[in-house]
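Numbering (UniProt numbering), first residue to last: 1 to 235. Backbone N, C-alpha and C define an ideal beta-carbon position, used for all residues, glycine too. Everything on this sheet refers to the single structure shown next.
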Amino acid sequence: MRRWLPGIGRRAPKVPARELPDDQLRVTWQAVSLLLDYPSVKLFRNLTRLRDAAGRLPAPAGEPLIGVIDHLEKQGLEASRRAYVETFDHTRKCALHLTYYAHGDSRKRGVALVQFKQAYRRAGMEVSDEELPDHLSVVLEFGALGDLDVAWDLVNRHRAGVELLAMALEHRGSPWHGALAALRATLPAIDGEQAETVAKLLRDGPETEDVGLEPYGIDPFLNPRPDEDAELLGV
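Right, dumping it as structure tokens:
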């Protein structure tokens with residue numbers, strides 16, 4: 001589990017309506033977060049508890065989660081680790097970082113990453129440096145254990161990335177598609193604008209110009225060595 005650091009200040013964002021009760025939403029998001037993280041000994045020790053929790057969820061969310069859990073148990077820890085790396089680390093279409101789908105590795109992605117950090121901070125939390133703030137597991141764990149409204153807003157504003165990741169995992173026949181199916185079961189149906197965004201990204205792919213994450217890298221709140229990195233970047 002990641003280390004969430006207490007922060008100061010809070011501002012309630014405007015969020016779209018959600019239908020699933022908050023307690024079930026938090027349980028679903030926590031389970032999805034754990035299953036989309038790199039397989040660990042701790043995760044495997046808790047698969048039975050995860051299955052029990054999934055079994056108490058509505059079928060559209062619970063059943064896909066149980067499918068992922070069953071597959072991991074059958075496959076084993078080491079094989080699951082190899083499959084995870086092959087799926088998520090070596091395949092850009094299966095990137096777990098939500099801002100990648102819209103911005104690729106362009107400078108605009110750096111700005112988007114800063115916005116994620118700022119959203120966490122406004123909610124009174126600081127995410128540790130273990131992972132980029134747009135990693136889907138990070139966002140979902142933040143919603144499950146922290147500010148659900150802020151996480152809900154972030155996920156829905158980056159809904160196209162969720163849809164594209166789900167499509168890519170389904171196309172690969174990946175067992176982790178079940179985790180995305182469970183997540184999507186907690187979200188509203190995509191609207192026309194979101195569908196258009198998904199179609200455009202499928203057709204054109206993410207942005208490629210202005211490559212670099214400079215706005216993220218030199219933010220002193222996000223990078224412990226901003227002066228050194230700014231010098232390297234020539235800014």
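query: Alpha carbon to alpha carbon, how far is Leu-201 from Lys-108? Give it in angstroms, no decimals.; result: 15 Å
query: Under the three-state reduction of DSSP, which class applies to Glu-141: helix, strand or coil?; result: helix
query: My parser needs the alpha helix (DSSP H) runs of 4 or more residues fully inside the segment 148–203; what are they?; result: 148–157, 159–172 and 177–185
query: May I ask you to list the residues that DSSP assigns as paired with His-97?; result: His-135
query: Return helix, strand or coil for Glu-19, following the three-state DSSP convention.; result: coil
query: According to DSSP, is Val-211 helix, strand or coil?; result: No answer about Val-211 holds up, because its pLDDT of 38 lies below 50 and its placement is not dependable.
query: How about Glu-63: is its C-beta nearer than 8 Å to some C-beta of chain B?; result: The question asks about chain B, but that chain is absent: this structure has only one protein chain.
query: Just confirm the distance between the C-beta atoms of Trp-176 and Leu-187, as a whole number of angstroms; I'd bet it's less than 8 Å.; result: That belief does not hold up - the Cβ atoms of Trp-176 and Leu-187 are roughly 17 Å apart, past 8 Å.
query: Is the beta carbon of Ala-185 less than 8 Å from the beta carbon of Ala-31?; result: no
query: Which of the three DSSP states, helix, strand or coil, is assigned to Arg-80?; result: In the sequence as displayed, the identity of residue 80 is Ser instead of Arg. Three-state DSSP puts Ser-80 in a helix.
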